[in-house]
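Below you'll find the structure, written out as structure tokens, and then a few comments.
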Amino acid sequence: MTLGLDFTRLTRMALLAGFAMLAIALEAAPVGLTASARPSPDLVFCVVAYWAVRRPTATPALLVFAIGLVRDLMTDVPPGLGAVSLVLAAEILRLRALPLARQPVATEWGTIACVAVGMLAMQWLVLLMSFAQPPYIVDLGWQWFYTVLIHPIVALLLRWVVRLGWEHGDAARSRAPGAERSALAQRI
Amino acid sequence: MRRPAPMEAQKISKGVSRILTALAIVAGIVLFVLWRADNHRVEQLRMRITDGVLPSMAWVTRPVDFLASMTEDSRALMDVYEQNKTLRREIQHLKSWRETARRLEEENARLRALNNVRLAPRTTFVTGDVIADSGGPFRQTVLVNVGVRDGVLDGSAGVDGNGLVGRIVGVGEHAARMLLLTDFSSRIPVAIQPSGQRAILAGDGTPAPVLDFIEAVDQISPGDPIVTSGAGGLFPPNLPVGRVIMTAAGTWRAVLAADYARLEFVRLLRYRPDTGIDRPGDLVVPARPAAPGTLSNGPLGAITPLAE
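Going down the list, the sequences are from chains A and B.
Under our numbering, the letters of the first sequence match residues 340 to 527, in that order.
Under our numbering, the letters of the second sequence match residues 156 to 463, in that order.
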């Protein structure tokens, strides 16, 4: 909201970083090494997307970039490409956060699915244009499908674990600036 | 506690965040370009970060790995009867092979003795645990928990119990990244066995890599064993790789011997090819009083005699 980094916001950012690292570790677990194995869902995107919509002020681009970069380097995505696409996706979702707060959950899900398509398409196109070997579109399609499928689960889990919902979010605050905030929301 | 910020401050904060976003994007693009231009340097950076983050990751990857192998095991339990029958049949089959192998071994030993062959044990290995994989659709690599500390070299071959698995493409202090044979960028020089035909095993993201640059296709047939040829000096020759198959489309491919579905441990070979002699050994030549004007004025300079 302001330039000053208050404690609540820092805690939220630290939580985002923590969950993102957890997601990276889960993605990197050695499951399905055969070439025909389906690609694992993009859990990091799910976490970042949830945060960008629910807590836009706690998802600064630099933090998202750092998360994306660590993911790129850990799980062998072309370095920089994954991070840039993640930053762009998070920025788009951050800008849509206020309108999305007034919409049903399905709209948020649809928006995130569209952003995920854009992200994968951008990665594929950049690889193609830079004469690197792009992955099979079928594999990207499966990754998108699993990501979209698993997003509600990630969202429910995050909501259940850290109670990070709409009610104390930035969007809610902007709607009712004087709204009473609970002690939990103060903490998280 | 929090008052609405004045218009000015809000504008400034928005501007700053916009600049930071732009900076992040530019940094990402620069890194990507650097990766395309100088892959090796970025690979080193990758391994350094992996080295740092890896130990803290094990407590997440291990339970996931355990759960996955548990589901795999329970699935195996379902068809244990079928498996038993298959194994019995295989044992019957292998018994006859055992006799053949024993006979061949004896013959081999006899011939070696006749030839007076001395095999230099130049290949040693270190075994590592597969601790992470790339997971996504971009590359097919795995992380192994042995690194420079354990003597792993960049470019080492990795094998499981059955055959070649991949090649080390990045080494850190405690970890190494191995490119699987199925990855897009994997190219391995191989030989197809009975005929000795050379080929390049080129990964293309499918479970069965393509056999490229076969000289005489008529000399190979489906089922022929494929081994590493040792060309290039990176891999030891005669490591089992797989068998030749021909697809319906008419391309030659390899069914890999390595069992990627149950890849838990890999053996990384520390192989150094024999020292090749490719230039005259100027140290061996006894020091002779060189006639002035002949050797010292030669285009390549003087051959320096050994210090007495």
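Glycine is no exception: its CB is placed at the ideal position from the N, C-alpha and C atoms.
Query	Result
Candidates B:E227, B:E370, B:P395 and B:S251: closest to V370 (chain A) by CA position	B:E227
For G421 (chain A) and R410 (chain A), believed in contact at Cβ under 8 Å, the rounded distance	6 Å
Cutoff 7 Å: T282 (chain B) Cβ touching any chain A Cβ	no
Environment of D193 (chain B) [buried if 16+ CB atoms lie within 10 Å]	exposed
Spatial distance of D380 (chain B) from L366 (chain B) (CA atoms)	One point to set straight first is that residue 380 (chain B) is Pro, not Asp, in the sequence displayed. Looking at the two C-alpha atoms, the distance is approximately 12 Å.
Residue-chain proximity (G291 (chain B), chain E), Cβ-Cβ < 7 Å	Of the protein chains in the structure, A and B, none is chain E.
Interface positions of the region 365-378 of chain A facing chain B (Cβ-Cβ less than 7 Å), listed along the chain	L365, E366, A367, A368, P369, V370, L372, T373, A374, S375 and P378
Residue span of the beta strand (DSSP E) that contains A428 (chain A), given as start and end	That residue, A428 (chain A), is in no beta strand (DSSP E); its alpha helix (DSSP H) goes L420 to L434.
Closer than 7 Å to chain A by CB, M212 (chain B)	yes
Among B:G385, B:T402, B:V421 and B:L209, the one whose alpha carbon lies nearest that of P362 (chain B)	B:T402
With 16 other Cβ atoms within 10 Å as the buried cut-off, status of E447 (chain A)	buried
Alpha carbon of E328 (chain B) to alpha carbon of V423 (chain A), nearest angstrom	29 Å
Stretch-stretch touch, CB-based, cutoff 8 Å, three pairs: the region 377-390 of chain A with the region 487-502 of chain A	yes
V423 (chain A) at chain B interface by Cβ criterion, 7 Å	yes
Min CB distance L381 (chain B) to chain A below 7 Å	Position check: residue 381 (chain B) holds Ile in this sequence, whereas Leu was assumed. No, no contact with chain A.
Contact check, T216 (chain B) vs A287 (chain B), beta carbons under 7 Å	yes
Cβ separation of G318 (chain B) and A413 (chain B), assumed to be a contact under 8 Å, to the nearest whole Å	5 Å
At least 3 beta-carbon pairs within less than 8 Å: the region 328-338 of chain B vs the region 295-305 of chain B	yes
Status (buried if at least 16 other CB within 10 Å, exposed otherwise) for I246 (chain B)	exposed
Inter-residue CB distance, L355 (chain A) and L402 (chain A) (contact presumed, cutoff 8 Å)	7 Å
Coarse secondary structure for F420 (chain B), derived from DSSP in three states	strand
Assigned secondary structure, L319 (chain B) (DSSP; H/G/I helix, E/B strand, else coil)	strand
Closest Cα partner of V396 (chain B) within the set B:V372, B:V421 and B:L356	B:L356
Neighbour-count burial assignment, Y236 (chain B), 16 or more Cβ in a 10 Å radius	exposed
Residues that DSSP places opposite A126 (chain B) in a beta bridge	The structure shown does not extend to residue 126 (chain B), since chain B is modelled only from 156 through 463, so no value can be given for it.
Rounded separation between P516 (chain A) and Q442 (chain A) - CA only	At P516 (chain A) the pLDDT is 41, less than 50, meaning the model places this residue with poor confidence and gives no usable figure here.
Span of the beta strand (DSSP E) around P417 (chain A)	P417 (chain A) -> no beta strand (DSSP E), and no H or E assigned at all.
Contact check, G360 (chain B) vs F339 (chain B), beta carbons under 7 Å	yes
Per-residue burial, P349 (chain B) [other beta carbons within 10 Å of its own, 16 or more giving buried]	exposed
Any chain B beta carbon closer than 7 Å to P438 (chain A)	no
I286 (chain B) (DSSP reduced to helix, strand or coil)	strand
Ranges of the beta strand (DSSP E) found wholly within the region 339-371 of chain B, counting only runs of at least 3	342-347, 352-357 and 365-367
Element boundaries [beta strand (DSSP E), containing E398 (chain B)]	Residue 398 (chain B) is actually Arg in this sequence, not Glu. Unbroken beta strand (DSSP E) run through R398 (chain B): P395 to M401.
S289 (chain B) to A264 (chain B) span [Cα, whole Å]	44 Å
As assigned by DSSP and simplified to three states, the class of V392 (chain A)	helix
Between the CA atoms of A213 (chain B) and A445 (chain A) - distance to the nearest angstrom	36 Å
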